[in-house]
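**Student:** According to UniProt numbering, the sequence shown is numbered sequentially starting from 1.
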Amino acid sequence: MRLRGRKGIRESLEGQPELVVLDAAPHKGKWREFFGNDQPIYVELGMGKGRFISQMSVRYPHINFIGVDMYDELLRRASDKARIVWEQKGESHPPNLALLRANIEGIETMFAPGEIERVHLNFSDPWPKAKHARRRLTHPRLVAKYIELLNERGEIHFKTDSQSLFEFSLNSFAEMELIMRNISLHLHKEGPREDLVFTEYEMKFMEKGQNIYRVEAVIGSEALQKHREAKQEKSLKEEAEASKAEAEDSEDETN
Numbered sequence: 001m002r003l004r005g006r007k008g009i010r011e012s013l014e015g016q017p018e019l020v021v022l023d024a025a026p027h028k029g030k031w032r033e034f035f036g037n038d039q040p041i042y043v044e045l046g047m048g049k050g051r052f053i054s055q056m057s058v059r060y061p062h063i064n065f066i067g068v069d070m071y072d073e074l075l076r077r078a079s080d081k082a083r084i085v086w087e088q089k090g091e092s093h094p095p096n097l098a099l100l101r102a103n104i105e106g107i108e109t110m111f112a113p114g115e116i117e118r119v120h121l122n123f124s125d126p127w128p129k130a131k132h133a134r135r136r137l138t139h140p141r142l143v144a145k146y147i148e149l150l151n152e153r154g155e156i157h158f159k160t161d162s163q164s165l166f167e168f169s170l171n172s173f174a175e176m177e178l179i180m181r182n183i184s185l186h187l188h189k190e191g192p193r194e195d196l197v198f199t200e201y202e203m204k205f206m207e208k209g210q211n212i213y214r215v216e217a218v219i220g221s222e223a224l225q226k227h228r229e230a231k232q233e234k235s236l237k238e239e240a241e242a243s244k245a246e247a248e249d250s251e252d253e254t255n
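Have a look at this one:
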């Protein structure tokens, strides 16, 4: 991707140290110091123009968000978008959001093991050619890095419009023996999922009626335990409902 940025863009980014981070190294293992609290940290890898990450920061003020991209122009657009959204809330700058200029390939230099709680991958480049498979953000070599950085409540949430990338990702997660849940082959089939935040791409795809694929990979020990408990509760509920239905059928036949 080549982006034509405005003149003076780097100076503009350097003038926003409370929001824009141009060097992650000094913050590795210290991101809670940057935010000034110990709230969970969610990271979006490849944030694009920043709609998703800025909207998430507003919707969930008790979570810290970090949007990562490697292009100055995208950071500029994302910072403008974030400030507009938060100014509507009466804030001069987003208190729980950081925009990080970095190459995702070096994610282990940005965060310490266990420092983040969730990784969001939204409409990543599908890299359709087989020879470029290692560049896909759901390739096992990169997923292994995410797993190392995620804490006990860690999860990976993935959305894409590419069927081939989705199939590749499911196989990648399965190869790594990850537990997957909420697998969707047509996320907005019944209408827009208002419980989820949309990206710019997602809104365009929805208007065209295109399929959007989504899956969550459960990583951390606490997240896995919570997932198992939810499954067990669902199973018990279904059994209770089935028993009730059988009893009602039996009563009808008797009458």
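Backbone N, C-alpha and C define an ideal beta-carbon position, used for all residues, glycine too.
Distance, Cα to Cα, K208 vs D161?
**Tutor:** 12 Å
**Student:** What are the boundary residues of the alpha helix (DSSP H) that L149 is part of?
**Tutor:** Element bounds for L149: 140–149.
**Student:** Can you give the Cα-Cα distance for E44 and D38, rounded to whole angstroms?
**Tutor:** 19 Å
**Student:** Is S54 near the ligand ATP, with its Cβ less than 6 Å from a heavy atom?
**Tutor:** Annotation note on the ligand ATP: not contained in the displayed structure, which lists no ligands.
**Student:** G106 and G154: beta carbons closer than 7 Å?
**Tutor:** Their beta carbons are not under 7 Å apart, which means G106 does not touch G154 by this criterion.
**Student:** For M180, which beta-bridge partners are listed by DSSP?
**Tutor:** A217
**Student:** Is the stretch 47–66 close to the stretch 193–207, with three or more CB pairs under 8 Å?
**Tutor:** yes
**Student:** Would you tell me roughly how many angstroms separate the C-alpha atoms of H188 and K159, rounded to the nearest one?
**Tutor:** Those two C-alpha atoms are separated by around 12 Å.
**Student:** What is the rounded straight-line gap between the Cα of Y146 and the Cα of K30?
**Tutor:** Cα to Cα, the separation comes out at about 17 Å.
**Student:** Give the DSSP bridge partners of D252, in chain order.
**Tutor:** DSSP output for D252 lists no bridge partner at all.
**Student:** Tell me which same chain residues have a C-beta within less than 7 Å of the C-beta of residue 325, skipping the five on either side of it?
**Tutor:** Coverage of the chain is limited to positions 1 through 255, which leaves residue 325 absent and any answer about it impossible.
**Student:** If the criterion is Cβ atoms closer than 7 Å, does the pair L99 and L75 meet it?
**Tutor:** In contact: L99 and L75 (Cβ atoms closer than 7 Å).
**Student:** So which of Q55, R134, I66 has the shortest CA-CA distance to K28?
**Tutor:** I66
**Student:** What are the start and end residues of the alpha helix (DSSP H) that includes R118?
**Tutor:** Looking at the DSSP string, R118 is not in any alpha helix (DSSP H); the run it does join, the beta strand (DSSP E), is 116–122.
**Student:** If I measure Cβ to Cβ from K244 and keep anything under 6 Å in the same chain, skipping five residues before and after, which residues do I get?
**Tutor:** none
**Student:** Determine contact between the stretch 108–116 and the stretch 78–96, defined as no fewer than three beta-carbon pairs at a distance below 8 Å.
**Tutor:** no
**Student:** Rounded to the nearest angstrom, how far is the Cβ of L150 from that of R101, given a contact under 8 Å?
**Tutor:** That pair is no contact at about 22 Å.
**Student:** Below 6 Å CB to CB, which residues in the same chain sit around E108 once its five sequence neighbours on both sides are set aside?
**Tutor:** K145
**Student:** Let's test the definition: count the other Cβ atoms within 10 Å of the Cβ of M56 and tell me whether it reaches 16, buried, or not, exposed.
**Tutor:** It is buried - the Cβ of M56 has at least 16 other Cβ atoms within 10 Å.
**Student:** Among F123, L19, G15, R32, whose alpha-carbon lies nearest the alpha-carbon of K204?
**Tutor:** F123
**Student:** Could you work out which residue in Y42, D69, H62, S54 is closest to V85 when comparing CA atoms only?
**Tutor:** Closest by alpha carbon: S54.
**Student:** Go through its chain and collect everything with a Cβ distance to M180's Cβ below 8 Å, but skip five positions before and after it.
**Tutor:** Spatial neighbours of M180 in its own chain (CB-CB distance under 8 Å, excluding positions within 5 residues in sequence) are listed in chain order as L170, F173, A174, V215, E216, A217, V218.
**Student:** Is H120 near L19, with beta carbons less than 7 Å apart?
**Tutor:** H120 is not a Cβ neighbour of L19, given a cutoff of 7 Å.
**Student:** What is the rounded straight-line gap between the Cα of H186 and the Cα of V58?
**Tutor:** Whole-angstrom Cα-Cα distance: 26 Å.
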